[in-house]
Ligand code: PHE
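Below you can see the structure in the form of structure tokens.
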């Protein structure tokens with residue numbers, strides 16, 4: 083087969099092979115085989131130098147024409163294949179912006195935390211600041227500094243969780259109320275004092291209205307001329323803020339070793355009177371324990387159970403509902 087025939091055959095066959103290439107890689111293979119550096123075309127071109135001038139010119143022209151012709155067909159095919167690849171990639175990546183979004187399930191604070199935050203907010207609005215203290219407490223702060231006698235039943239191991247800290251100078255226990263922070267705070271700060279202390283407390287108690295761990299908020303106001311009227315006004319305000327502006331309260335005489343006089347605050351809610359909290363005027367003995375001058379200073383303190391507030395507000399009659407892991411219960415109080 084002479085050279086011209088070989089070129090003519092290539093010209094006849096190549097377009098079909100180019101058209102058959104369905105990917106860029108296939109096209110590049112066809113290109114290499116037809117007009118690439120190792121193709122018959124390149125071989126012929128390399129042989130030109132050894133040919134007579136007339137033949138060289140004629141064959142050279144044919145070679146150039148053919149390469150130009152095939153190159154153009156290859157380029158057109160390359161354009162097409164690249165466009166198709168791009169379109170396929172875009173289609174694969176397509177985002178349907180009209181699809182409805184996935185709405186993540188949002189968490190929320192537990193009801194107990196919500197109530198705690200709300201009570202804190204009511205007092206912060208009155209100018210109180212927030213203090214917190216340790217859950218593992220010494221006997222001194224939990225009992226002695228609060229004027230609770232050595233013989234008081236609350237000190238018994240049947241009522242209080244004592245911790246085994248080994249050979250330490252003082253018994254360590256899980257605090258049974260937030261009141262130890264009264265003493266801790268006054269020891270560390272000069273008067274006046276206006277604080278609330280939210281926190282977890284522990285007692286050996288377990289029934290429909292008691293759990294071994296529960297929450298309280300302590301309040302303490304100490305200044306130069308605080309009276310029982312301030313206590314009543316402040317706590318009545320708190321009850322109205324928490325349970326509604328028309329809520330009635332009554333103060334019933336009570337006893338706590340660290341307040342004198344002491345009272346329980348009851349509120350009328352859901353058709354009956356309910357006990358909400360304990361309170362009283364700070365006992366001068368407590369001031370003496372922390373180095374405050376009982377001649378110059380007076381104050382009031384109160385301690386309110388958070389679970390109790392939540393139960394009163396929502397008419398929950400079993401405290402254990404608050405600690406039930408069944409979300410259907412808690413979701414009602416989002
Ligand atoms: N600490 C008391 C209790 O847990 C409540 C209380 C606090 C009473 C402050 C008076 C003053 O029952």
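Numbering (our numbering), first residue to last: 83 to 416.
Quick reminder that beta carbons are idealized off the backbone N, C-alpha and C, glycines included.
In this structure, residue 234 has its beta carbon at no less than 6 Å from each heavy atom of the ligand PHE. Scanning 408, 401, 94 for the CA closest to the CA of residue 292 turns up 401. With a 10 Å radius around the Cβ and a threshold of 16 neighbouring Cβ atoms, residue 219 comes out buried. For the stretch 293 to 329, the full-length beta strand (DSSP E) segments reaching 3 residues or more read 295 to 305 along the chain. Of the other Cβ atoms in all chains shown, 16 or more fall within 10 Å of the Cβ of residue 229; this residue is therefore buried.
The Cβ neighbour count for residue 248, taken over all protein chains shown within 10 Å, is under 16; the residue is labelled exposed. Using a Cβ distance threshold of 7 Å, residue 148 and residue 109 do not count as a contacting pair. When DSSP states are grouped into helix, strand and coil, residue 398 belongs to the coil group. Here the stretch 273 to 293 lies against the stretch 208 to 218, with 3 or more beta-carbon pairs under 8 Å apart. If you draw a 10 Å sphere on the C-beta of residue 177, you find fewer than 16 other C-beta atoms in it, and that means exposed.
A straight-line Cα-Cα distance of about 46 Å links residue 306 and residue 406.
For residue 142, no beta strand (DSSP E) run applies; the uninterrupted alpha helix (DSSP H) run containing it begins and ends at 135 to 175, by DSSP. Within the DSSP secondary-structure output, residue 363 pairs in a beta bridge with 382.
Cβ contact annotation for residue 321 (same chain, cutoff 6 Å, sequence separation greater than five): 329, 331, 349, in chain order. Taking the Cβ of residue 227 as the reference point, every heavy atom of the ligand PHE lies at 6 Å or farther away.
DSSP places residue 336 within a strand segment (E or B) once states are collapsed to three.
The residues 212, 278, 280, 299, in chain order, have a CB closer than 8 Å to that of residue 202 in the same chain once the five nearest residues on each side in sequence are set aside. With contacts defined as CB atoms closer than 7 Å, residue 381 and residue 290 fail to qualify as a contacting pair. Exclusion of the five residues before and after residue 123 leaves 89, 92, 116, 117, 145, 148, 149 as the residues of its chain whose Cβ lies within less than 8 Å of its Cβ. With fewer than 16 other Cβ atoms inside 10 Å of its own Cβ, residue 184 counts as exposed. With 16 or more other Cβ atoms inside 10 Å of its own Cβ, residue 365 counts as buried. DSSP places residue 343 in the strand class (E or B) of the three-state scheme. For the options 353, 285, 266, 267, the alpha carbon positioned closest to that of residue 235 is the one of 285. Counting the other CB atoms within 10 Å of its CB gives residue 387 a total of 16 or more, which places it among the buried residues. Cβ contact annotation for residue 367 (same chain, cutoff 7 Å, sequence separation greater than five): 229, in chain order. Taking a C-beta distance under 7 Å as the contact criterion, residue 268 and residue 372 qualify as a contact pair.
In this structure, residue 283 lies away from residue 266, with their beta-carbon atoms at least 7 Å apart. Comparing alpha-carbon positions, the option among 192, 224, 374, 324 lying closest to residue 351 turns out to be 324. Residue 92: member of the alpha helix (DSSP H) spanning 85 to 102, first to last residue. In the structure shown, the three-state DSSP call for residue 289 is strand.
Judged by DSSP in its simplified three-state form, residue 182 adopts coil rather than helix or strand.
Annotation for residue 190: 416 place their beta carbon closer than 6 Å to its own, counting only its chain and skipping 5 residues before and after.
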